[in-house]
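Numbering (the working numbering), first residue to last: 745 to 887.
Presented below is the structure to which this report refers.
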């Protein structure tokens, strides 16, 4: 049973089967949000998603980056990502029309950021998530 169903901009419904949310900057004690820190965080999220959902392709929805007018430290200007980091495992019907719908499904792991901690559902999701090119990024698997 899915946690939620999201309808992509293409009209394809995808089912969210696993969702991991965390604070983007939770535990940040001695540094500040900056490009090197954010890039390292994103790389770590992608590696973690690959380990958590082996065999599924992983896609990053490019996050918006804000540059508040604050003092630039040793690592460059302050660069802020949205507050909530999300890693979701999604499933949908098979990509290949010749595949038996009862025996195949498509899947994709998506990493995205959002401003608040809410579960995407229906058409209520971040634009980047709704715009995922499922047919190009997902892969079919036999059940």
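All residues carry an ideal CB built from backbone N, CA and C; glycine is no exception.
Closer than 8 Å to chain B by CB, residue i
{"i": "residue 770", "result": "Going by chain labels, chain B is absent from the structure shown, which holds only one protein chain."}
Span separating the alpha-carbon of residue i from that of residue j
{"i": "residue 784", "j": "residue 790", "result": "10 Å"}
{"i": "residue 804", "j": "residue 792", "result": "12 Å"}
{"i": "residue 758", "j": "residue 823", "result": "32 Å"}
{"i": "residue 813", "j": "residue 873", "result": "28 Å"}
{"i": "residue 776", "j": "residue 843", "result": "49 Å"}
{"i": "residue 877", "j": "residue 800", "result": "15 Å"}
{"i": "residue 866", "j": "residue 748", "result": "8 Å"}
{"i": "residue 810", "j": "residue 763", "result": "25 Å"}
{"i": "residue 875", "j": "residue 855", "result": "13 Å"}
{"i": "residue 881", "j": "residue 767", "result": "26 Å"}
{"i": "residue 753", "j": "residue 806", "result": "17 Å"}
{"i": "residue 786", "j": "residue 871", "result": "19 Å"}
{"i": "residue 840", "j": "residue 756", "result": "14 Å"}
The alpha helix (DSSP H) enclosing residue i, as first and last residue numbers
{"i": "residue 756", "result": "No alpha helix (DSSP H) contains residue 756, which DSSP labels as neither H nor E."}
{"i": "residue 795", "result": "779-796"}
{"i": "residue 872", "result": "871-874"}
Rounded Cβ spacing between residue i and residue j (contact assumed at less than 8 Å)
{"i": "residue 864", "j": "residue 760", "result": "7 Å"}
{"i": "residue 879", "j": "residue 849", "result": "With a Cβ gap of about 14 Å, residue 879 and residue 849 do not count as contacting."}
{"i": "residue 826", "j": "residue 858", "result": "5 Å"}
Boundaries (first-last residue) of the beta strand (DSSP E) holding residue i
{"i": "residue 885", "result": "883-886"}
{"i": "residue 853", "result": "848-858"}
{"i": "residue 804", "result": "802-804"}
{"i": "residue 832", "result": "828-837"}
{"i": "residue 749", "result": "748-751"}
Whether residue i touches residue j by CB criterion (8 Å)
{"i": "residue 750", "j": "residue 861", "result": "no"}
{"i": "residue 765", "j": "residue 828", "result": "yes"}
{"i": "residue 845", "j": "residue 883", "result": "no"}
{"i": "residue 802", "j": "residue 837", "result": "no"}
{"i": "residue 781", "j": "residue 834", "result": "no"}
Buried or exposed (CB count within 10 angstroms, at least 16 for buried), residue i
{"i": "residue 832", "result": "buried"}
{"i": "residue 847", "result": "exposed"}
{"i": "residue 816", "result": "exposed"}
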